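**Q** Please see the structure below; I have some questions.
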Amino acid sequence: MSIMSYTGGTVLAMAGDDCVCIASDLRLGEQMNTVAVDQKKVHKMSDKVYVGLCGFHSDAKTVLDKIMFRKNLYELRENRSIKPKVLATIISNLAYQHRFGSFFTEPLVAGLDPVSHKPYICAMDTIGNICTPEDFVAIGTGAEYLLGVSESFWRKGMNSEELFEATAQSMLSALERDAASGWGAVVYTITKNNVNIRTIKARMD
Amino acid sequence: MAAVDSFQNGVLQCEIEPNGFDFSNCTRNCALARMGAAPPRLNSTGTTIVAVTYKDGVVMGADSRATAGNIIADKHCEKVHYITDSIYACGAGTAADLDQVTKMLSSSLRLLELNTGRKARVITALRIAKQHLFNYMGYIGAYLLIGGVDPTGPYLYDVSANGVTMARPFAAQGSGSYAAITVLEKDFKIGMTEEEASNLVQVALHAGMHGDNASGNSLNLVVITPEKTIFRGPIVPDFCNKPEPIESDYKFKTGSTTVLKKKEIKFDIVESMDMH
Amino acid sequence: MSFYQFALIQMALKYDAKHDPLGAMRAFKTAFADVEENPDWRSRRLIERQRWNPYSMEGGSTCAVAGDNFVVVASDTRMTAGEINVINREVDKIHPLSDNIVLTTAGFHGDALQMRKLLETHLHKYRFDYRSNMTVDLCAELLARNLYYRRFFPYYTGAILAGIDEHGKGAVFSYDPIGCIERLPYSASGAAEPMLVPFLDCQVGHVTLSEGTERPKLTLERATALVRDAFRGCAEREITTGDSIHLVIAEAGKPIRHERRKLRED
């Protein structure tokens, strides 16, 4: 059993036309036991920037605190809201600082640029290698399942409703097979004017 | 800083001005490894990278696939890294290490250029890279091809993760290097033209991308001449295209997913006074 | 997780997690103290010695979908050495055993060939003894028993047996390497199994859709299209799957058809 699947959890982000979706499951486990069923792995960084943290939950929490600290410091110093790309670089450097003896968590950043509203999604490995595709990224125990289905369900230029359905259906398909994630899912749809947070019906196991 | 005591201050300093690597998790992670937990999978650039010197310049190229185990983590990974205007590096190995090492190289060479007022030499880049890598005894998994054009001519060096370096007329690295080097060994000639060299690099990359599972998707190329540096890419070879598109349209109608709870955060549109 | 890895972990954890939940914590503390006393970085770098392994994995993936009166079996045709090098681009991993039985395999190709030969021999003998062809249910049971017969030195294959049963319906049987058998409406196996299965769950099983949404019927055309798309998707994301799709379609009362489509080669 790898430590990366000790507590379980999966996050998926998809990019559309001036919108992004980020979905997370709700399970927190301890190997085969489920401990909590309301644990979102997605965290708000600013109005239009969200971070997903998968992997070992204790490390995810520590890293979240560290990210928050750096993000707040950045916003105080620069007096403007943070861009997703800048946040990704900050997280990447933080993760690489722990290159030897890494935090067992994979971060994911999804959001819209606060000025140009261009979508940005990226995922990292545990030591901060950023990959920024234009379509979708997935992390966590169900990443492999998600990448397979999203490859068929993602299309270019989806609007926010289509994007929500594609993200939700990909997530549900993956939860069908991933034992370490589950107990429902929550999908954030970030657009220029609002953020829609929808809890979707999924298998509860 | 009056509100914090000296201990807190020390912790804060570490957070605000990080200095090198932080080894604080090492003991815990080793203990976990001894408990039998497998270490997490890192992204690797299971790669084909190729570089060739020609009459008065260097051509370097790389594929664009990053893998995590047998999964393609990134289809458009940039493996040709900018160092200075006339020096580039191609990297194979651990993806995060490559990003950071080349970032460090380019910033320290830029500083050097500003301090000395002249262009950095390829050998300087090589020396900085090898000293850094040797320091970490091969634990930083970066295998680099550093190439560039100095006022004295074109140079190409091969750097291993443990700090071994070699000067070479042509080189290939990464998991696809066996396929690529066969092409180079067969067709490399001293004093080629720019076109011949860039064709040779492309053919070698094709061989690597075709025969090696961990390389593919597209290729990036940089041609460095004494006058200018031309970056070309991504170029998608014929065999890297999808032969047939997906036939059905997997479009889900609105309402395909059952929504249990819905919450909306509306942004107030406040007229912005600052100029972006 | 392979059998060997699992055995290794079992050896490493010297406590019973179920009856002694604090054992994990104690073991971790011991390991922690051990690392502090003789840390990895002060010892010489570990050289992991490669033990001889009777198995090798040739990558690739395969899947089967059963319909009302047909079954679609598909696999890619790439053969890989050590996850990296392509050693053959036109391997047949689908083995039609008779007019209504198709065996498809992923994993160790050597074992797959041996298994095919074994089944063919049994089928031949059955035909000789009983003057009729074996049904797919019987063949499935035969395969399960032959796999379990090798419980402690298994055939390292993820096998799927598909065919048309005696009622003219499509049947798919899925196995683990030691003969756990299950009849399923669809199944996948191999390196890209985690990518194929959720896709089929969504498109064939329709388990993710809300109640009111229409569910298209599984026709032969739809099944073949879905299977092709599933492979196109995983050829994008899985490195040992590619080159071409080999489809074998068995319909009730018709001879077995073969179809080949190109996949990406890189």
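Residue numbers (the numbering used here), protein chains in the order written: chain C, 1 to 205; chain Z, 206 to 481; chain D, 482 to 747.
Ideal Cβ positions, reconstructed from N, Cα and C, are used throughout, including at glycine.
Keep in mind the model is a prediction, meaning the values are calculated, not measured.
(1) Can you tell me whether Glu746 (chain D) is buried or exposed, with buried defined as 16 or more other CB within 10 angstroms of its CB?
(2) Closest to Pro736 (chain D) by CA distance: which of D:Ala704, D:Pro502, D:Asn550 and D:Thr558 is it?
(3) Tell me the residue span of the beta strand (DSSP E) that contains Lys44 (chain C).
(4) Let me know the secondary structure DSSP gives Lys335 (chain Z) once reduced to three states.
(5) Could you give the residue range of the beta strand (DSSP E) that holds Leu503 (chain D)?
(6) Asp515 (chain D) to Glu469 (chain Z), Cα distance in whole Å?
(7) Classify Ser150 (chain C): buried if its beta carbon has 16 or more other beta carbons within 10 angstroms, exposed otherwise.
(8) Residues of chain Z with CB under 8 Å from Gly693 (chain D), in chain order?
(9) Any idea what DSSP makes of Ile90 (chain C), helix, strand or coil?
(10) Name the chain D residues whose beta carbon is nearer than 7 Å to that of Ser173 (chain C)?
(11) Please report the straight-line C-alpha distance between Ala278 (chain Z) and Glu144 (chain C), rounded to a whole angstrom.
(12) Spell out whether any CB of chain C is found under 7 Å from the CB atom of Arg718 (chain D).
(13) Show which residues of chain C have a CB atom less than 7 Å away from the CB atom of Pro359 (chain Z).
(14) Look at the alpha carbon of Ala13 (chain C) and the alpha carbon of Cys683 (chain D), and state the distance between them as a whole number of angstroms.
(15) Does the distance from the C-beta atom of Ser403 (chain Z) to that of Asp268 (chain Z) stay below 7 Å?
(16) For a contact meaning CB atoms closer than 8 Å, what does Val464 (chain Z) contact in chain C?
(17) How far does the alpha helix (DSSP H) with Pro356 (chain Z) in it extend, from its first residue to its last?
(18) So with CB distances below 9 Å, who are the chain D contacts of Lys335 (chain Z)?
(19) Can you say whether Met204 (chain C) is buried or exposed, counting buried as having 16 or more other CB atoms within 10 angstroms of its CB?
(20) Since Phe589 (chain D) meets chain Z, which of its residues come closer than 9 Å, beta carbon to beta carbon?
(21) Are at least three pairs of beta-carbons, each pair with one atom in the stretch 306-319 of chain Z and one in the stretch 696-709 of chain D, less than 8 Å apart?
(22) Give me the subset of the stretch 62-81 of chain C whose CB atoms are less than 9 Å from a CB atom of chain Z, sorted by chain position.
(23) Does the beta-carbon of Leu237 (chain Z) have 16 or more other beta-carbons within 10 angstroms, so that it is buried, or is it exposed?
(24) Excluding the 5 residues flanking Met158 (chain C) on each side, which residues of the same chain have their C-beta closer than 7 Å to its C-beta?
(25) Assess contact between the stretch 291-306 of chain Z and the stretch 439-446 of chain Z, defined as three or more Cβ pairs (one per stretch) separated by less than 8 Å. Is contact present?
(26) Taking one C-beta from the stretch 252-271 of chain Z and one from the stretch 376-393 of chain Z each time, how about it: are there three or more such pairs within less than 8 Å?
(27) Identify the contact partners of Tyr96 (chain C) in chain Z, using a Cβ-Cβ distance below 7 Å as the criterion.
(28) List the whole-angstrom C-beta distance separating Tyr656 (chain D) from Val685 (chain D), where the pair is believed to meet the contact cut-off of C-beta under 8 Å.
(29) Taking just the CA atoms, how far does Lys66 (chain C) sit from Ala652 (chain D)?
(30) Going along the chain, which unbroken runs of the beta strand (DSSP E) with 3 or more residues stay wholly within the stretch 7-73 of chain C?
(31) Determine the DSSP secondary structure at Phe654 (chain D), reduced to helix, strand or coil.
(32) Taking only beta-carbon positions, decide if Gly753 (chain D) is within less than 7 Å of chain C.
(33) Any residues in the stretch 82-114 of chain C with a beta carbon nearer than 7 Å to a beta carbon of chain Z? Which ones, in chain order?
(34) According to DSSP, Arg741 (chain D) sits in a beta bridge with which residue or residues?
(35) Using a cut-off of 7 Å between C-beta atoms, extract the partners of Ser152 (chain C) located in chain D.
(36) Taking the DSSP output, what are the residues bridged to Phe444 (chain Z)?
**A** For this structure:
(1) So Glu746 (chain D) counts as buried.
(2) Out of D:Ala704, D:Pro502, D:Asn550 and D:Thr558, D:Asn550 has the C-alpha closest to the C-alpha of Pro736 (chain D).
(3) DSSP places Lys44 (chain C) inside the beta strand (DSSP E), whose first and last residues are Val42 to Ser46.
(4) Three-state DSSP puts Lys335 (chain Z) in a helix.
(5) Premise fails: Leu503 (chain D) is in no beta strand (DSSP E) and is neither H nor E.
(6) Spanning the two alpha carbons is a distance of roughly 52 Å.
(7) Around the beta-carbon of Ser150 (chain C), 16 or more other beta-carbon atoms lie within 10 Å, marking it buried.
(8) Listed along chain Z are Gly460, each with a C-beta nearer than 8 Å to that of Gly693 (chain D).
(9) Ile90 (chain C): helix per DSSP, three-state reduction.
(10) Ordered by position in chain D, the residues that pass the 7 Å Cβ test against Ser173 (chain C) are Pro679, Phe680, Asp682, Cys683 and Thr689.
(11) Whole-angstrom Cα-Cα distance: 10 Å.
(12) It does: the Cβ of Arg718 (chain D) has a partner Cβ on chain C nearer than 7 Å.
(13) Neighbours of Pro359 (chain Z) on chain C: none; closest Cβ ~30 Å, over 7 Å.
(14) Ala13 (chain C) and Cys683 (chain D) have their C-alpha atoms spaced approximately 19 Å apart.
(15) Ser403 (chain Z) places its beta carbon 7 Å or farther from that of Asp268 (chain Z).
(16) In chain order: Arg198, Thr199, Ile200 and Lys201.
(17) That residue, Pro356 (chain Z), is in no alpha helix (DSSP H); it is neither H nor E in DSSP.
(18) Near Lys335 (chain Z) there are no residues of chain D at all, since even the closest Cβ is about 19 Å away, more than 9 Å.
(19) Using a 10 angstroms sphere on the CB of Met204 (chain C), the tally of other CB atoms stays under 16, which defines it as exposed.
(20) Residues of chain Z whose Cβ lies closer than 9 Å to the Cβ of Phe589 (chain D) do not exist; the shortest such Cβ separation is about 16 Å.
(21) No: the two stretches stay apart, fewer than three of their Cβ pairs being nearer than 8 Å.
(22) Residues of the stretch 62-81 of chain C with a C-beta less than 9 Å from any C-beta of chain Z: Lys66, Phe69, Arg70, Leu73 and Arg80, listed in chain order.
(23) With 16 or more Cβ atoms within 10 Å of its Cβ, Leu237 (chain Z) is classed as buried.
(24) The answer, listed in chain order, is Gly16, Asp17 and Ala166.
(25) The stretch 291-306 of chain Z and the stretch 439-446 of chain Z do not touch, with fewer than 3 CB-CB distances between them shorter than 8 Å.
(26) Cβ pair count under 8 Å is three or more, so yes.
(27) Result: Ala301 and Gln305.
(28) Contact between Tyr656 (chain D) and Val685 (chain D) is absent: CB atoms are separated by about 20 Å, not below the 8 Å threshold.
(29) Answer to the nearest angstrom: the Cα atoms are 54 Å apart.
(30) Whole beta strand (DSSP E) segments, 3+ residues: 10-15, 20-25, 28-30, 33-36, 42-46 and 49-55.
(31) If DSSP states are grouped into helix, strand and coil, Phe654 (chain D) belongs with the strands.
(32) No answer is possible for residue 753 (chain D): the residues shown for chain D start at 482 and end at 747.
(33) When C-beta distances to chain Z are compared with 7 Å, the residues of the stretch 82-114 of chain C below that value are Tyr96, Gln97, His98, Arg99, Phe100, Gly101, Ser102, Phe103 and Phe104, in chain order.
(34) D:His727, per the DSSP bridge assignment.
(35) From the beta-carbon of Ser152 (chain C), the residues of chain D found nearer than 7 Å are Phe680, Asp710 and Gly714.
(36) The partner list for Phe444 (chain Z) (beta bridge, DSSP) is empty, contrary to what the question assumes.
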